[in-house]
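Shown next, in structure tokens, is the structure this report addresses.
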Amino acid sequence: MELSQVRYFIALCKTLNFTRAAECCNVTQPAFTRAIQKLEMEFGGALIFRERNLTQLTELGRGVRPHLEAMIEAAEAATALANAKMGRAGSSLKIGLGPGIGAASIASAVREVTTKLPDVTIHFEESGAATLIEAMLMDMLDCALLPEFVELPERLNRWPLYTDRALAVLPPDHDLNQKNSVTAEDVVDEPILMGENCGGFAKQLAETTGFALQLQRC
25 MELSQVRYFI
35 ALCKTLNFTR
45 AAECCNVTQP
55 AFTRAIQKLE
65 MEFGGALIFR
75 ERNLTQLTEL
85 GRGVRPHLEA
95 MIEAAEAATA
105 LANAKMGRAG
115 SSLKIGLGPG
125 IGAASIASAV
135 REVTTKLPDV
145 TIHFEESGAA
155 TLIEAMLMDM
165 LDCALLPEFV
175 ELPERLNRWP
185 LYTDRALAVL
195 PPDHDLNQKN
205 SVTAEDVVDE
215 PILMGENCGG
225 FAKQLAETTG
235 FALQLQRC
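Residue numbers (this note's numbering): 25 to 242.
Written as structure tokens, this is what we have:
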């Protein structure tokens with residue numbers, strides 16, 4: 025059994041798609057398929073069930089997956105230890121930023137990390153929620169900052185980091201300019217213009233307030 029075969033299988037477990045898994049491993053699909061078949065021969069049974077557009081792990085595949093993942097983790101830990109001993113240690117933290125979330129939101133946390141861990145390089149990637157979620161599932165991102173209303177698959181965990189304010193922009197002569205704060209009830213009869221990346225926020229606003237708000241895209 026070769027580590028490359030194990031890596032291919034783990035990539036297939038995450039994508040459940042031979043083409044995408046092969047691309048992630050930078051190999052051709054025929055070579056990828058042969059590697060999976062050799063691994064199945066070593067285990068004496070099918071690891072993947074394929075029928076038309078359906079690809080899923082067999083009972084054997086589900087059983088061996090955690091053990092093979094442990095092999096990869098052990099190999100990576102050994103490599104990291106060897107690199108550290110040889111003085112070539114260097115880590116990177118890849119953070120995704122979802123719609124409406126800028127790096128300024130976590131600037132203080134980033135400064136603290138870089139101060140305590142100067143050898144860590146931090147990379148940011150701005151994209152849509154679906155793209156960032158897929159990148160995390162593919163281990164291409166370590167974490168992502170996303171609005172609370174974004175639905176996550178069960179394989180990903182969620183932790184609240186901070187609460188942000190929403191601001192209402194009004195014409196100079198609007199009656200609500202006399203108020204220090206604006207509630208949903210105040211604007212229930214007003215047309216509300218939302219930016220193209222505010223759809224999820226607008227939906228959450230309507231659901232949590234219970235008002236039928238007049239939302240319009242701009």
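All C-beta atoms in this analysis are idealised placements derived from N, C-alpha and C, irrespective of residue type, glycine included.
Item: DSSP three-state assignment for Cys167, whether helix, strand or coil; Value: strand
Item: Option in Asn181, Gly122, Ser116, Leu141 with minimal Cα separation from Ala154; Value: Gly122
Item: Beta-carbon proximity of Ile96 to Leu27, cut-off 9 Å; Value: yes
Item: At least three beta-carbon pairs within less than 8 Å, the region 70–81 to the region 38–53; Value: yes
Item: Nearest to Gln29 (by Cα), restricted to the options Arg89, Phe73, Glu83, Glu75; Value: Arg89
Item: Helix, strand or coil at Gly111 according to DSSP, with G and I counted as helix; Value: Annotation note: pLDDT 48 at Gly111 (below 50); position unreliable, no value reported.
Item: Arg179 to Met162 span [Cα, whole Å]; Value: 11 Å
Item: Cα-Cα separation, Arg86 to Ile60; Value: 14 Å
Item: Residues bridged to Arg74 [DSSP beta-bridge criterion]; Value: Thr79
Item: Of the residues Asp143, Ser116, Phe148, Ser205, the one placed nearest Ile131, counting alpha carbons only; Value: One point to set straight first is that residue 131 is Ala, not Ile, in the sequence displayed. Measuring from the Cα of Ala131, the nearest candidate turns out to be Phe148.
Item: Residue from Lys62, His91, Tyr32 with nearest C-alpha to Gln50; Value: First, the amino acid is wrong: residue 50 is Asn here, not Gln. The candidate whose alpha carbon is nearest that of Asn50 is Tyr32.
Item: Unbroken beta strand (DSSP E) run spanning Val144, endpoints; Value: 144–150
Item: Identity of the residues DSSP links to Lys118 by a beta bridge; Value: His147
Item: Three-state secondary structure assigned by DSSP to Ile216; Value: strand
Item: Inter-residue spacing [alpha-carbon to alpha-carbon] between Ala99 and Ile34; Value: 14 Å
Item: DSSP state of Pro184 mapped onto helix, strand, coil; Value: coil
Item: Contact under 9 Å by Cβ, Leu185 with Leu176; Value: no
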